[in-house]
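Structure follows, in structure tokens:
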């Protein structure tokens, strides 16, 4: 699979990160995320493609940060990746969903210029007093087509559990330290902490390894990874819960 010309999209955080790679040269954009990202994403992508003198049809694949992260941002990145992949040419082009915690760890590896082997625990604020976290062992040289080994799959934990679930980590990465501070307990002082977050350039660095592992999919099969699947209840769910609570209260008053 040729991977000379690539587009990467990450809007899993409060930043919009985009990158276009043409034959090894990278053109990147970083800007405001959230609602602004959804409104400007396609225009920014068009600008980067123009800088690289590429069209959508010239791309070999499009990668996106699949999560975990901000729900709206994950859905926007996935939808844009799918739309571009389908419209690129007859038969579409491959879409490469990449875990944002792995991208966070990759960004920290690049930022610290650390050499393998390296065990990085990615810890990103999940709000609601929780942390998205996972751990990856990097054994191959940076930029290789070998994926880091997943030591701990993406999960949610409380801030004060971070150190206990990652006692073997040699580096921490992400914004959990900036958000939760002392609530993390021993973790901030036990090993180095890099504030790196997932970026489109980190996604680009992982594309060869993810594709070599069979991670490229047709556009229709691309999906966000939420980890926390249920945050908001539907109207029907809220009404059902209220009815249940009312029935329980009525039973209690009858006893």
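Residue numbers (my numbering): 750 to 1004.
Yeah, the Cβ is synthetic: ideal placement off N, Cα and C, and Gly gets one too.
query                                                                                                               : result
From 957, 918, 923, 954, residue whose alpha carbon lies closest to that of residue 940                             : 918
In chain order, each beta strand (DSSP E) run of at least 3 residues that lies wholly inside the region 847 to 896  : 867 to 876, 879 to 887
Sufficient close CB pairs (3 or more, under 8 Å) joining the region 830 to 848 to the region 944 to 959             : yes
Assigned exposure category for residue 948 - 16 Cβ within 10 Å defines buried                                       : buried
Residue 967: first and last residue of the uninterrupted beta strand (DSSP E) it sits in                            : It is not in any beta strand (DSSP E) - residue 967 carries neither H nor E in the DSSP assignment.
Option in 770, 861, 836, 915 with minimal Cα separation from residue 1053                                           : This structure leaves residue 1053 out entirely; the chain is present only between 750 and 1004.
Pairwise C-alpha distance: residue 797 and residue 842                                                              : 19 Å
Residue 814 classed as buried or exposed, judged by whether at least 16 other C-beta atoms fall within 10 angstroms : buried
Residue 981 to residue 816 span [Cα, whole Å]                                                                       : With a pLDDT of 43 at residue 981, under the threshold of 50, the modelled position of that residue is not reliable, and the figure given next carries that caveat. Roughly 18 Å between the two C-alpha positions.
Contact check, residue 812 vs residue 869, beta carbons under 8 Å                                                   : no
Under the three-state DSSP convention, the category residue 842 falls into                                          : coil
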